[in-house]
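K.L.:
Got a structure for you, questions after.
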Amino acid sequence: MTEDAASHEELMTIVANGQPWNVPRECTIADFLGRLALTPGRVVAMLDGVIVPRERFAETRLREGCRLELVTMVGGG
Amino acid sequence: MTEDLLTIGSRTFRSRLLLGTGKYRSFEEMQQSLEASGTEVVTVALRRLDLSRPGQPTLLDYLDTERYTILPNTAGCKTAEEAIQIAHLAAAMGLPRWVKLEVIPDPDYLLPDPVATLEATRQLVKEGFEVLPYINADPVLARRLQDAGAVTVMPLGSPIGSGQGLLNLPQIQIIIEQARVPVIVDAGIGAPSDAAFAMELGAAACLINTAVAQAGNPVLMARAMKLAIEAGRAAFLAGRIPRRPQAAASSPLTGLVGSPS
């Protein structure tokens, strides 16, 4: 997340997939994915260890210091 | 003759080849290999989305989920708890509520943890999952898993990706003999002859990944595996001749030209 994209907004830091990200305070999971220009097919999220299904991405707000895991399918045996 | 179908839990398939989607040199090659194999079930792993490279092609861009039934695995999980969490994530992702259960603490030989696998199976069955546990070829464990409600057992022929074939043959034979659920030989198959042999012995199906994905020509190997599994299955149904210590002539022993009588 670049700072200029949200320079007028109040930021907070979250940890997404193990890396720190600065995001606006009111950011939802859907907003976060949108800002990354991710148009994920089947993605599921885990917020502080609790699974959030995709249909709840738009209503689920991130919090300062929260740990977000975004998980998808990859090749495997 | 009625159609010979494979039933795993609540699902029924015509193909007895389950194919992995890992380790192909390209998604295109994977796609063509799936096609050539005739498979109906493909395994996938769950991993973090790569946030640093948004927009890159992903497995899903190349996987026709209408055509193939996705079987999520729990590869990478070292404990029962981790595996259960991956099963939950897969279900939340909208995947079918079934799981190839792998609990593997050992990084060198990738041998599964039997105790944790049984624990995770019990829990996931309780939660309504159809569980397909990946196990070492231990007949007693296979029975315990069946009793716990596993819909199949998947003994390894030899370590994952090793291509060593069916090193655990006598144990796999006992599992097949005693099983009330389909037995799927998973891991270690290196060549079509391994797959055919497993099927001749009465395995219900084979799950193959590396032997196809890393073959010189994966698409051709996928077709070879399909044919081997069909041949092995037909041979099992046909019933092979018993082994004999001595020869038994195929041509008549009477009426030999020039014989005295």
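As given, the protein sequences belong to chains V and Y, one line each in that order.
Counting in my numbering, the first sequence runs without a single skipped number right up to 84 at its last residue.
Counting in my numbering, the second sequence runs without a single skipped number right up to 272 at its last residue.
Virtual Cβ for every residue (Gly too), placed ideally from N, Cα, C.
Determine the burial state of T79(V): buried for a count of at least 16 other Cβ atoms within 10 Å of its Cβ, exposed for fewer.
P.N.:
For the purposes of this step, residue 79(V) is taken as the residue at position 72 of the first sequence. By the neighbour-count rule (16 or more Cβ atoms within 10 Å), T79(V) is buried.
K.L.:
Starting from K137(Y) and walking both ways along the alpha helix (DSSP H), at which residues does that stretch end?
P.N.:
By 1-based counting over the second sequence, the position of residue 137(Y) is 126. Here the alpha helix (DSSP H) through K137(Y) covers 125-137.
K.L.:
Comparing C-alpha positions only, which one of R244(Y), V114(Y), A260(Y) sits nearest to K89(Y)?
P.N.:
Position 78 of the second sequence, counted from the first residue, corresponds to residue 89(Y). That would be V114(Y), whose Cα lies nearest to the Cα of K89(Y).
K.L.:
Compile a chain-ordered list of the residues in the segment 21-35 of chain V whose CB is closer than 9 Å to at least one CB of chain Y.
P.N.:
Listed by position along the chain: A23, N24, G25, Q26, W28.
K.L.:
So, under 8 Å CB-CB, T132(Y) and A102(Y) are touching, yes? Tell me the CB distance rounded to an integer number of Å.
P.N.:
As a position in the second sequence, residue 132(Y) is number 121, starting the count at 1. As a position in the second sequence, residue 102(Y) is number 91, starting the count at 1. Between A102(Y) and T132(Y) the Cβ distance is about 16 Å, and since that is not below 8 Å, they are no contact.
K.L.:
Would A37(V) pass as an interface residue toward chain Y - the criterion being a Cβ-Cβ separation below 8 Å?
P.N.:
Position 30 of the first sequence holds residue 37(V). Not an interface residue.
K.L.:
Nearest by alpha-carbon distance to F38(Y): which of L70(Y), L17(Y), S26(Y), R58(Y) is it?
P.N.:
On the second sequence, residue 38(Y) is found 27 positions in, with the first residue counted as 1. Of L70(Y), L17(Y), S26(Y), R58(Y), the residue nearest in Cα terms is L70(Y).
K.L.:
Can you find at least 3 beta carbon pairs, one from the segment 67-85 of chain Y and one from the segment 55-66 of chain V, that sit closer than 8 Å?
P.N.:
Too few Cβ pairs lie closer than 8 Å, so no.
K.L.:
Helix or strand or just coil, what does DSSP make of P42(V)?
P.N.:
Residue 42(V) sits at position 35 when you count from the first residue of the first sequence. Residue 42(V) is actually Arg in this sequence, not Pro. Three-state result, R42(V): helix.
K.L.:
In chain V, which residues lie less than 7 Å from E35(Y) when you measure between Cβ atoms?
P.N.:
Position 24 of the second sequence, counted from the first residue, corresponds to residue 35(Y). Here residue 35(Y) is Tyr; the residue named in the question, Glu, does not match the sequence. Simply G82.
K.L.:
List the residues of chain Y that E76(V) touches, going by C-beta distances under 7 Å, in chain order.
P.N.:
Locating residue 76(V) in the first sequence gives position 69, where the first residue counts as 1. Those are R59, listed as they occur along chain Y.
K.L.:
Using the C-alpha atoms, what's the distance from V55(Y) back to E40(Y)?
P.N.:
Translated into positions along the second sequence, residue 40(Y) becomes position 29. Translated into positions along the second sequence, residue 55(Y) becomes position 44. Going by the C-alpha atoms only, they are around 16 Å apart.
K.L.:
Three-state secondary structure (DSSP) at R58(Y)?
P.N.:
By one-based count along the second sequence, residue 58(Y) stands at place 47. Three-state DSSP puts R58(Y) in a strand.
K.L.:
Taking contact to mean 3 or more Cβ pairs, one atom from each stretch, closer than 8 Å, check whether the segment 212-222 of chain Y and the segment 179-190 of chain Y are in contact.
P.N.:
With a cut-off of 8 Å, the segment 179-190 of chain Y and the segment 212-222 of chain Y count as touching, because enough Cβ pairs lie within range.
K.L.:
Contact criterion: CB-CB distance below 8 Å. Does P144(Y) meet it with respect to chain V?
P.N.:
If you number the second sequence from 1, residue 144(Y) lands on position 133. For P144(Y), the answer is no, since every Cβ of chain V falls outside 8 Å of its Cβ.
K.L.:
Determine the direct distance from the alpha carbon of P116(Y) to that of V223(Y), and round the result to whole angstroms.
P.N.:
Along the second sequence, read from residue 1 onward, the residue named residue 223(Y) stands at position 212. Along the second sequence, read from residue 1 onward, the residue named residue 116(Y) stands at position 105. Their Cα atoms are separated by approximately 25 Å.
K.L.:
Since V57(V) meets chain Y, which of its residues come closer than 7 Å, beta carbon to beta carbon?
P.N.:
As a position in the first sequence, residue 57(V) is number 50, starting the count at 1. Result: empty, since nearest Cβ-Cβ is about 10 Å, beyond 7 Å.
K.L.:
Between the segment 16-33 of chain Y and the segment 28-45 of chain V, can you find at least three pairs of beta-carbon atoms closer than 8 Å?
P.N.:
These segments do not touch.
K.L.:
In the structure shown, what three-state DSSP assignment does M104(Y) receive?
P.N.:
Working through the second sequence from its first residue, we reach residue 104(Y) at position 93. Looking at M104(Y) - three-state DSSP - the assignment turns out to be coil, as it is neither helix nor strand.
K.L.:
Since L135(Y) and V126(Y) are thought to touch, with beta carbons under 8 Å apart, how far apart are those beta carbons, to the nearest angstrom?
P.N.:
As a working note, residue 135(Y) is residue 124 in the second sequence. As a working note, residue 126(Y) is residue 115 in the second sequence. Contact doesn't hold; Cβ gap of about 15 Å is too wide.
K.L.:
May I ask which residues mark the beginning and end of the alpha helix (DSSP H) holding T221(Y)?
P.N.:
Within the second sequence, residue 221(Y) is the residue found at index 210, counting from 1. 221-224 is the extent of the alpha helix (DSSP H) around T221(Y).
K.L.:
Anything in chain V within Cβ reach of I171(Y), meaning under 8 Å, just list it in chain order.
P.N.:
In the second sequence, counting from the first residue as 1, residue 171(Y) sits at position 160. The contacting residues are G84.
K.L.:
Please report the Cβ distance between P193(Y) and T163(Y), rounded to the nearest whole angstrom; I am assuming they are in contact, meaning their Cβ atoms lie under 8 Å.
P.N.:
In the second sequence, the residue the question calls residue 193(Y) occupies position 182. In the second sequence, the residue the question calls residue 163(Y) occupies position 152. Yes, P193(Y) and T163(Y) are in contact; Cβ-Cβ is about 5 Å, under 8 Å.
K.L.:
Would a check of beta-carbon distances place A13(V) closer than 8 Å to chain Y?
P.N.:
Position 6 of the first sequence holds residue 13(V). Confidence in A13(V) is poor, its pLDDT being 48 and thus under 50, which makes the residue's placement unreliable; the coordinate value appears in the next sentence. Not one chain Y Cβ lies under 8 Å of A13(V).
K.L.:
When you measure from the CB of K111(Y) to every non-hydrogen atom of the ligand FMN, does any distance come out below 7 Å?
P.N.:
Absent from the structure shown: the ligand FMN. Ligands present: none.
K.L.:
Between T80(Y) and chain V, is the shortest Cβ-Cβ distance under 8 Å, so that the two count as touching?
P.N.:
Position 69 of the second sequence, counted from the first residue, corresponds to residue 80(Y). So, not an interface residue.
K.L.:
Give a yes or no on whether 8 Å exceeds the smallest Cβ distance from G139(Y) to chain V.
P.N.:
In the second sequence, the residue the question calls residue 139(Y) occupies position 128. Judged by the 8 Å Cβ criterion, G139(Y) is not in contact with chain V.
K.L.:
On the DSSP letters alone, give me the boundaries of the alpha helix (DSSP H) that P271(Y) sits inside.
P.N.:
Here residue 271(Y) corresponds to residue number 260 of the second sequence, with the count starting at 1. No alpha helix (DSSP H) holds P271(Y); DSSP gives it neither H nor E.
K.L.:
Say whether the segment 59-73 of chain Y touches the segment 252-261 of chain Y, bearing in mind that this needs 3 or more beta-carbon pairs closer than 8 Å, one atom from each stretch.
P.N.:
Contact between the segment 59-73 of chain Y and the segment 252-261 of chain Y is absent, because fewer than three Cβ pairs lie under 8 Å.
K.L.:
Step through the CB atoms of chain V and report whether any lies within less than 8 Å of the CB of V55(Y).
P.N.:
Counting from one through the second sequence, the residue named residue 55(Y) turns up at place 44. Closer than 8 Å to some Cβ of chain V, the Cβ of V55(Y) qualifies, so yes.
K.L.:
Check the C-beta distance from P170(Y) over to A206(Y) and give it rounded, since I have them as a contact under 8 Å.
P.N.:
Counting from one through the second sequence, the residue named residue 170(Y) turns up at place 159. Counting from one through the second sequence, the residue named residue 206(Y) turns up at place 195. Wrong, their Cβ atoms sit about 17 Å apart, outside the cutoff.
K.L.:
Mind listing the chain Y neighbours of L43(V)? Cutoff is C-beta to C-beta under 7 Å, in chain order.
P.N.:
Reading the first sequence from its first residue, position 36 is the one you call residue 43(V). Residues of chain Y passing the Cβ test: L62, P65.
K.L.:
Residues in the segment 91-111 of chain Y with C-beta within 7 Å of chain V's C-beta atoms, listed in sequence order?
P.N.:
The segment 91-111 of chain Y vs chain V, Cβ under 7 Å: H99, L100, A103, M104, G105.
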